[in-house]
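Numbering (mature numbering (1 follows the signal peptide of the UniProt record, and there is no 0)), first residue to last: -15 to -1, 1 to 283. Here's the structure, in C-alpha cells; my notes come after.
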C-alpha cells in the first residue's frame, strides 16, 4: 500500500514538472511574438524589455541576447537622431520629440529635464494668462465705473443747462461728451434739442440763414427723437427765402435782367417746385439772349 502511494506521488510530481515546462515554453513564445510586434511598431524600449525578460527565463539562449543587443543599438541610433533635431532650449513645439526620446530611454536626463522645463513654462504661461485676465477684468470694472461717473456728471450738467435754457452750453456739453462716448444716446438727443432751440431763437431774431444752418445740422444727429418738425421748419424757411428771392427778381426784371436771373435761380435752388420762378427765369433768359443779339448787331 505504501509502495503504491509513493508511486502515485512520483507520477504526479513528474506531471507537474512537465506542465511547468510547457507553461514556460508557451510564455516564452508569447513574449517572443510580443517583442517582435513591439519592434515593428517602433516601440523599441518595450521590445527590449521583453527580450530582457526572456534572457532571464533562458540565460543560455544566444538569440535572445543578440536580439536584445540589436534593439539596444536601434535605441541608441534613434535617440541620437532625435537629439540631433532638438533645439538648444526646450520648447512646447518639440515636446513630442522629448516624449519619444523618453519612451526609448526612460531614464534619459535630457528628456526628463526638458519635459520638466516645458511643464514649468506652461505653468508660467498659464499663470501669466490668468494674471492678464484678472487685470483686464479689473480694468473693465474700473472703466465701467469711470464711465458711469462721467455719465452722471454729464446728465446733471445737461439737466441744469436745459432748466436754465442755456442751449449753447447744452450743445457744448453734449458735443464734448459725444467725443468721449460716441454711443451716448442721451448726449445725441440733447445735441438735437440744443440745435433745435438755438434755431428757434435765431429764427425769432430774424436770423433765418443761421436758423436754417442749425436745423440742417440737427438732421445729422443720430437722435431717437422725431425729426419731422425740424424737416418741416427747414422746408418752410427755404420756401419763404425762395419766395423772397423770386420777388426780388421781379423787382429787378426791367432794370437789371442779369441780377433778376440770379434771384430766380436762387429761388429755384431753394424750392425746385417754385413754378413762377421757373417761368420768369425762362422769360428773363430769353430777353437777355435777345439783348445780346441786338448788341452784337450794332
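For each residue, glycine too, the CB sits at the ideal point set by N, CA and C.
Expressed to the nearest angstrom, what Euclidean distance is found between the alpha-carbon atoms of residue i and residue j?
i, j, result
"residue 123", "residue 150", "40 Å"
"residue 164", "residue 184", "23 Å"
"residue 240", "residue 271", "15 Å"
"residue 50", "residue 89", "19 Å"
"residue 226", "residue 140", "38 Å"
"residue 126", "residue 189", "48 Å"
"residue 92", "residue 35", "18 Å"
"residue 103", "residue 33", "28 Å"
"residue 110", "residue 85", "24 Å"
"residue 266", "residue 277", "16 Å"
"residue 56", "residue 69", "20 Å"
"residue 22", "residue 100", "28 Å"
"residue 263", "residue 253", "7 Å"
"residue 96", "residue 117", "31 Å"
"residue 248", "residue 260", "14 Å"
"residue 235", "residue 245", "7 Å"
"residue 186", "residue 160", "20 Å"
"residue 64", "residue 45", "29 Å"
"residue 105", "residue 27", "29 Å"
"residue 215", "residue 280", "49 Å"
"residue 129", "residue 171", "17 Å"
"residue 181", "residue 217", "12 Å"
"residue 14", "residue 61", "27 Å"
"residue 268", "residue 224", "22 Å"
"residue -8", "residue 12", "A caution first: residue -8 carries a pLDDT of 46, below 50, which makes its placement in the model unreliable, though a value can still be read off. One C-alpha to the other measures close to 29 Å."
"residue 47", "residue 66", "29 Å"
"residue 137", "residue 213", "30 Å"
"residue 135", "residue 143", "12 Å"
"residue 191", "residue 121", "55 Å"
"residue 195", "residue 147", "21 Å"
"residue 19", "residue 81", "25 Å"
"residue 175", "residue 166", "14 Å"
"residue 256", "residue 158", "35 Å"
"residue 237", "residue 282", "25 Å"
"residue 98", "residue 31", "22 Å"
"residue -6", "residue 41", "Low local confidence applies: a pLDDT of 47 at residue -6 is under 50, so the model's placement there is unreliable, with the coordinate-based value given in what follows. Their Cα atoms are separated by approximately 29 Å."
"residue 94", "residue 54", "22 Å"
Rounded C-beta distance between residue i and residue j? I'm assuming under 8 Å.
i, j, result
"residue 222", "residue 193", "6 Å"
"residue 210", "residue 179", "That pair is no contact at about 12 Å."
"residue 233", "residue 207", "No, residue 233 and residue 207 are not in contact; Cβ-Cβ is about 38 Å, not under 8 Å."
"residue 203", "residue 162", "The Cβ separation is near 17 Å, so there is no contact."
"residue 230", "residue 251", "4 Å"
"residue 219", "residue 197", "7 Å"
Of the residues the options, which one's Cα is nearest the Cα of residue i?
i, options, result
"residue 58", "29, 142, 121, 158", "29"
"residue 199", "153, 231, 168, 167", "153"
"residue 243", "138, 229, 205, 274", "274"
"residue 43", "16, 25, 195", "16"
"residue 168", "98, 112, 132", "132"
Could you check whether the Cβ of residue i sits closer than 7 Å to any heavy atom belonging to the ligand ATP?
i, result
"residue 251", "Absence of the ligand ATP from the depicted structure is noted, as is the absence of any ligand whatsoever, leaving it without description."
Pick out the complete alpha helix (DSSP H) segments inside the region 184 to 212, 4 residues or longer, and give them in chain order. 193 to 203
Unbroken stretches of the alpha helix (DSSP H), 4 residues or longer, contained in the region 5 to 64: 29 to 42
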